[in-house]
Amino acid sequence: MKHLSVLYTLFLLFILFSFSSCIYENQREPQPTQSGKAIYDSWHTHMFTVLQGDILKALHFSYYLDTQESQKIAVEDSLFSLFKIRDLSNGVWGLFLGADKIYDINTSTTSLYHVGTEWIFKRTVSSSNHPLFSNSEIAYTITCIADSTWNISAVGDGNPFCYVSLQLQQLGPTQFDVSGEGRFGIQSLNSYYYEAENESNTPVVFLSFTLEETAKSRNNFQNWSHGIISLRAYKLDGNERVTQVQMLNPSGDVYAVKVNYKGVSKVWSLSPNYYYY
């Protein structure tokens, strides 16, 4: 009887182990649109770096220049607390961190909000970790083409080169519409990109995008409330993955994306909101 009891216990343990293994394997199995969502997440992070990290600084700097002298110190402390602003001569300014010049701004001595104005806004430090991937500086050409509307272009020095060709319209202090296209260099893409154990583990290195419908942001590019974007992720072995994403704002501060990947669609919640710093 004792022998049977031991066998029965071992049998129960075997069943429990097998059941747990099945659950574990199912948990590891990615959802059909998970790779598409990971591709979108990467685009979101890199687009935020370009728009909030660089372009918004140019708009803020124009606001600083347009401010009355008596208010300039307050604006500098508010918008450029990490930087020292230096007038380098003839409408050219520098933003410094300590002794290092991080941005070089050629303003043509004209406000960026004046139609017809063209600024060259340069990120002067090595940008090998930047979405536009460059071993030297990255120069944005920003041209005001209409009231609070700009064409923005920049090209990196990689192969193939990374670039952005965008149109940006400011609708309010933190509200923007964005259209256009580009290609980013990708440093990493999380493991959800790999859909099966037998799929190549070659890393994704480039991500191209086209905004098929204007993307709308209400909080300085931290979230997108509207827009449709086509994304194409490239791998070194020649493989690529294509996804289409619709940006949604069901209510208030609730954001989501509808990801269409390999013929399967799913709505992913983005709550809590994205914040990248």
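Counting the sequence shown from 1 gives a position; my numbering is that position plus 179. Even for Gly, the Cβ is constructed at its ideal location relative to N, Cα and C. Source: prediction; values computed, not measured.
Cα-Cα separation, residue i to residue j
i, j, result
"Gln401", "Leu291", "23 Å"
"Gly442", "Leu274", "47 Å"
"Ile321", "Thr422", "29 Å"
"Ser221", "Asp416", "20 Å"
"Asn330", "Ile317", "16 Å"
"Val334", "Phe340", "7 Å"
"His293", "Cys323", "7 Å"
"Ala412", "Leu345", "19 Å"
"Tyr243", "Pro211", "48 Å"
Under the three-state DSSP convention, the category residue i falls into
i, result
"Leu291", "coil"
"Leu449", "coil"
"Gly215", "helix"
"Asp416", "coil"
"Asp256", "helix"
"Ala237", "helix"
"Phe363", "strand"
"Thr228", "helix"
"Lys263", "strand"
Selection from the options that minimises the alpha carbon distance to residue i
i, options, result
"Asp279", "Tyr413, Leu261, Gly335", "Leu261"
"Arg362", "Pro211, Asp326, Asn338", "Asn338"
"Met226", "Glu419, Leu311, Ser241, Arg397", "Leu311"
"Ile263", "His309, Asn269, Ile252", "The amino acid occupying residue 263 in the given sequence is Lys; Ile does not appear at that position. That would be Ile252, whose Cα lies nearest to the Cα of Lys263."
"Leu410", "Arg302, Gln231, Ala217", "Ala217"
"Glu360", "His239, Trp447, Thr389, Gln250", "Thr389"
"Tyr282", "Leu449, His293, Arg265", "Arg265"
"Thr289", "Leu230, Phe240, Val433", "Phe240"
"Leu347", "Asn308, Asn399, Ser257", "Asn399"
"Asp356", "Ser404, Asp336, Ser332", "Ser404"
"Pro352", "Tyr434, Leu238, Gly215", "Leu238"
Sub-8 Å separation of residue i and residue j beta-carbons
i, j, result
"Ser384", "Gly406", "The question names Ser, but residue 384 is Val in the sequence shown. Contact flag unset, no."
"Gln349", "Ser313", "no"
"Ser315", "Trp298", "no"
"Gln354", "Arg397", "yes"
"Leu449", "Val436", "yes"
"Tyr342", "Asp233", "no"
"Val271", "Asn285", "yes"
Length at least 3, wholly inside the region 299-359: the beta strand (DSSP E) runs in chain order: 317-325, 328-334, 342-351
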